[in-house]
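Comments concern the structure below.
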Amino acid sequence: MILPLTKPHLFSQSKLANRPTGVLLYGPPGTGKTLLAKAIAKECGASFINVNLATIMSKYVGDSEKMVQAVFSLANKLSPCIIFVDEMDGFLSRRSEGSNDPAVTDKVKTLFMALWDGIATSSSRATAHQGEDAEKAWVLVIGATNRPHALDTAILRRMPRQIQVGLPSAVGRCKILQVLLKGEGVAPAGPGPAQLNLTAVADATHQYSGSDLKELCRAAALRPIREASIAERAAVRAAREEVEAEFARKMQERSDWECGMAPPSTPSDAPPSPTHPGDASSGSATTAAAGAAPISETEARAWRESALEAAQAHAANTVHMRPIVTADLLAAMAEVKQTGLSAYEYQQTLAAAQSGLGDGSVPVFAPAGASFGGGLEGNSARLLGALQQQTQKGD
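Offset between the sequence shown (1-based) and the numbering used here: plus 1360.
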């Protein structure tokens, strides 16, 4: 797909090797179809227009058609440009099916396909001419869906290049984990418990898609944060208890002094009282023992507030977060489940949906016209089986 822009001189020597105008990316959810389309645009140096149903459809008659024309007009001005239609089955599904107002949506789909054909005509004209502007005059429509059987047949005809984006292999999962964990605080590579073994994690995450691996890394990164948060709360709690004990001692000294009671003298061999940052009355016990007035209640409360803030900041600085290890990723697998189907299950389900056959169960990808899945034969077998069970119960 990127050769027409990176190597345009090769395409000018052939009439059959024309630039493609439509490419379909299909596969299980979370395999990176949208990300792949953006990577293609960046690799080609082309502009990227993301089209969805919300930006096209309007409740006012005629506005949807104007939006479709505006999209293709903008794409021609920004050429080379890629028009990306995510979840293509929701916008360009089979006509007159699954819509409250099929007449309006059919007009929009027909106009979309007509302008799409105009792209092919203008692209062939540009290829016939020489020049730098002619080489850059290219608009490509890329669609992404996980239900290709739900697309209109006219749409599939305009997308002869259909690429299946399946689940990553063990090697692919290992590379994805390396990209996701790049720049994070991870342990050094190794098989030990305090190290990170991405190969073992990749082998354990069978049938995980790219988005599942991203959520897995996110859940694993939260485990050291939780541990550091618990340790920080314990350190802050201990510091607060120490500050509160010192504040109670100061208030008791003040109360004894106001009542005329001489505070007990501190033995010379006794350990000194703990001091904290912000303690403006250090040595108050010695001053009170000498007969001088201890600090007032207002000063003691001010010292308490400053000491609590300093103790909390000190506790937060002393707690360090450990790196991410293999056990974190393996433990996160209990929190994050795979959401995509395996490549084999996806192919089997897709083939059953396209042929309209099945055992009557509800498939993930139900073909159009099948209310319960399995096609006409599957539904008929399901109903006949239910009738036979009812007849046997009646006998």
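By construction, the Cβ of each residue, glycine as well, lies at the ideal position given by its N, Cα and C atoms.
Model, not experiment: these values are computed from the prediction.
Distance CB(residue i)-CB(residue j) smaller than 8 Å
| i | j | result |
| --- | --- | --- |
| Phe1444 | Ile1523 | no |
| Ala1608 | Ala1671 | no |
| Arg1454 | Asp1512 | yes |
| Ala1435 | Ile1409 | yes |
| Ala1406 | Leu1363 | no |
| Leu1376 | Leu1385 | no |
| Ile1684 | Ala1580 | yes |
| Thr1576 | Val1411 | The sequence given here places Leu at residue 1576; Thr does not occur at that position. No, the pair does not count as a contact, with Cβ atoms beyond the cut-off. |
| Ala1592 | Ala1676 | Here the sequence assigns Glu to residue 1592, which means Ala is not the residue at that position. Yes, the Cβ-Cβ distance between Glu1592 and Ala1676 is below 8 Å. |
| Trp1498 | Ser1433 | no |
| Leu1516 | Val1383 | no |
| Val1525 | Lys1398 | no |
| Leu1452 | Lys1469 | yes |
Status (buried if at least 16 other CB within 10 Å, exposed otherwise) for residue i
| i | result |
| --- | --- |
| Lys1542 | exposed |
| His1680 | exposed |
| Leu1606 | The question names Leu, but residue 1606 is Glu in the sequence shown. By the neighbour-count rule (16 or more Cβ atoms within 10 Å), Glu1606 is buried. |
| Gln1698 | buried |
| Pro1520 | exposed |
| Val1421 | exposed |
| Thr1678 | exposed |
| Thr1646 | Confidence in Thr1646 is poor, its pLDDT being 43 and thus under 50, which makes the residue's placement too unreliable to answer from. |
| Gly1620 | exposed |
| Ser1569 | buried |
| Ile1655 | buried |
| Gly1733 | Only weak support exists for where Gly1733 lies, its pLDDT of 40 falling under 50; the value from the coordinates is given anyway. Per the 10 Å Cβ criterion, buried. |
| Asp1572 | buried |
| Lys1437 | exposed |
| Pro1631 | Because the pLDDT at Pro1631 is just 40, under 50, the model does not fix this residue reliably, and the point stays unresolved. |
| His1566 | exposed |
| Lys1419 | exposed |
| Asp1688 | buried |
| Ile1590 | exposed |
| Arg1379 | buried |
| Val1539 | exposed |
| Ala1510 | buried |
| Ser1374 | exposed |
| Lys1402 | exposed |
| Ala1712 | buried |
| Ala1310 | Within the shown structure, residues of the chain are numbered from 1361 to 1755, placing residue 1310 beyond reach of any answer. |
| Ala1692 | buried |
Integer Cβ distance of residue i from residue j, believed to fall under 8 Å
| i | j | result |
| --- | --- | --- |
| Leu1527 | Pro1389 | Not a contact, Cβ separation roughly 10 Å. |
| Val1561 | Thr1686 | 6 Å |
| Arg1614 | Ala1673 | Arg1614 to Ala1673, Cβ: 27 Å. No contact. |
| Gly1450 | Leu1475 | At roughly 19 Å, the Cβ-Cβ gap does not stay under 8 Å, so Gly1450 and Leu1475 are not in contact. |
| Arg1518 | Met1473 | 7 Å |
- Message: With three or more beta-carbon pairs closer than 8 Å as the criterion, would you say the segment 1515-1535 touches the segment 1417-1434?
- Response: no
- Message: List, from N- to C-terminal side, the beta strand (DSSP E) runs of 3 residues or more that fit wholly inside the segment 1404-1447.
- Response: 1407-1411, 1441-1446
- Item | 4-residue-minimum alpha helix (DSSP H) runs that sit fully inside the segment 1507-1559, ordered along the chain | 1513-1517, 1530-1540
- Kindly confirm or deny that the segment 1503-1514 and the segment 1538-1558 touch, where touching means at least three C-beta pairs closer than 8 Å. no
- Stretch-stretch touch, CB-based, cutoff 8 Å, three pairs: the segment 1663-1676 with the segment 1575-1588: no
- Count the C-beta pairs between the segment 1549-1565 and the segment 1361-1381 that are closer than 8 Å, then say yes if the count reaches three, no if not. no
- Whole runs of the beta strand (DSSP E) within the segment 1658-1702, excluding any shorter than 3 residues: none
- Message: If we require 3 or more residues per run, which beta strand (DSSP E) segments fall completely within the segment 1376-1402?
- Response: 1382-1386
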